[in-house]
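Asker:
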Amino acid sequence: SNVRIENLNRDDELQELSTSLNLMLDRMQRYIDQQKEFVSDVSHELRTPVAVIEGHLGMLKRWGKDDPEILDESIDASLQEADRMKHLIQEMLDLTRAEQIDVQYPNAVTNVNEVLRRVAGDMAMVHNDFNIQLDMDDLPADTKIQMYSSHLEQVLIILIDNGIKYSTDLKQINISAGVSEQIVSIMVQDFGEGISEEDKTKIFNRFYRVDKARTREKGGNGLGLSIAQKLVSSYHGEISVDSVQGQGSQFKISFPVLSKAKAEELEKLDNE
Ligand code: ADP
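Residues 60 to 331 in this note's numbering are what the sequence shown lists, from first letter to last.
(1) What distance in whole Å lies between the Cβ atoms of Ser133 and Leu147, which are believed to be in contact at a cut-off of 8 Å?
(2) For His103, count neighbouring Cβ atoms within 10 angstroms of its own Cβ and tell me buried if that reaches 16, exposed if not.
(3) State buried or exposed for Thr78, treating a residue as buried only when at least 16 other CB atoms are found within 10 Å of its CB.
(4) Got a sec, what are the start and stop residues for the alpha helix (DSSP H) Lys271 sits in?
(5) Going by the DSSP bridge assignment, what does Ser302 pair with across the sheet?
(6) Just the Cα atoms here: how many angstroms apart are Arg69 and Leu76?
(7) Helix, strand or coil: which one does DSSP assign to Thr169?
(8) Select from Gln94, Ile234, Ile232 and Val171 the residue whose C-alpha is nearest the C-alpha of Ser209.
(9) Taking Cβ to Cβ, would you say His115 is nearer than 8 Å to Ala136?
(10) Alpha carbon to alpha carbon, what distance is there between Val316 and Glu240?
(11) Which residues does DSSP list as the beta-bridge partners of Asp126?
(12) Pick helix, strand or coil for Met206, following the three-state DSSP scheme.
(13) Would you say Ile286 faces chain B, with C-beta separation under 8 Å as the test?
(14) Is it true that the region 186-203 meets the region 272-282, where meeting means three or more beta-carbon pairs spaced less than 8 Å apart?
(15) Have a look at Leu284 and Gln163 and give me their C-alpha separation to the nearest angstrom.
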């Protein structure tokens, strides 16, 4: 019956209403602040490539007609910069999409073994100057997680790409995976420059780069790891890094493993 509602006096009700309204307003304000910050970050990041293109167009206008060398150089540099902007815009879209994942879809079942084999193979082919090792000794056959394969692939590619980008003499990447207590962990290890203690906490922030100028040369926007982190946490996973400066880094991602029964149930739903 509705005794409790009748007993609640008007003041209590109003109090409760205003508390929940205030909570909602706080949440909205936080959301608006985050959006503002994002727009401000993005504008800042786009300013550099636009300024570079502008500079080259100015050169072209002044000297391009008479100096074929400047003509070539400025056109090449502008094309390169436009390409970088395109890349940046794609990464920003990826980041926004990663924030909006709905893991309720039944067809989000990924066979970790298959994805690892595929990604490691593809990366080895693209980067044939690198030795890319895959060790699945501790990974039971057909380990499955609730995630879209394309998202696991995306995270792995970001981590392997970084390992390659920040490698030094030893051009080797070790990928390994294992399951313990129903958690699957995947490790991506490189033997490159490593990351300082201070930077370890910052590298997952969007647009953060340890060395802005040098990373820019390598085509980095500082978005890869924030995309990876968003993707991983959307699927109730975790991402962490272990690193010794000058010796290399190891990134680890982990996810809850689907029981056989649950995986079959989801796969059946997907086929309906
Ligand atoms: P970027 O596209 O610039 O590589 P990320 O978000 O992927 O952006 O990485 C942020 C920064 O973290 C990089 O600029 C780099 O300084 C550092 N970093 C990421 N991965 C590694 C790694 N494997 N070894 C050393 N530094 C790394």
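From the three backbone atoms N, C-alpha and C, an ideal C-beta is built for every residue, glycine too.
Here the structure is a predicted model, which is why all the values come from computation and not from measurement.
Answerer: For this structure:
(1) 21 Å between Cβ atoms; not a contact.
(2) Counting C-beta atoms within 10 angstroms of its own C-beta, His103 has fewer than 16 neighbours from the protein chains shown and is therefore classed as exposed.
(3) With fewer than 16 Cβ atoms within 10 Å of its Cβ, Thr78 is classed as exposed.
(4) Lys271 to Glu276 is the extent of the alpha helix (DSSP H) around Lys271.
(5) Per DSSP, the beta-bridge partners of Ser302 are Ser308.
(6) The alpha-carbon atoms of Arg69 and Leu76 are separated by roughly 11 Å.
(7) It is a strand residue.
(8) For Ser209, the nearest C-alpha among the options comes from Val171.
(9) Inclusion of His115 and Ala136 in the CB contact set at 8 Å is warranted, their separation being smaller than that value.
(10) Each residue's alpha carbon lies about 9 Å from the other.
(11) Bridge partners of Asp126: none, in fact.
(12) DSSP, read as helix, strand or coil, puts Met206 in coil.
(13) Among the protein chains of the structure shown there is no chain B, as only one such chain exists.
(14) Contact fails: fewer than three Cβ-Cβ distances are below 8 Å.
(15) Taking the straight line joining both Cα atoms gives about 24 Å.
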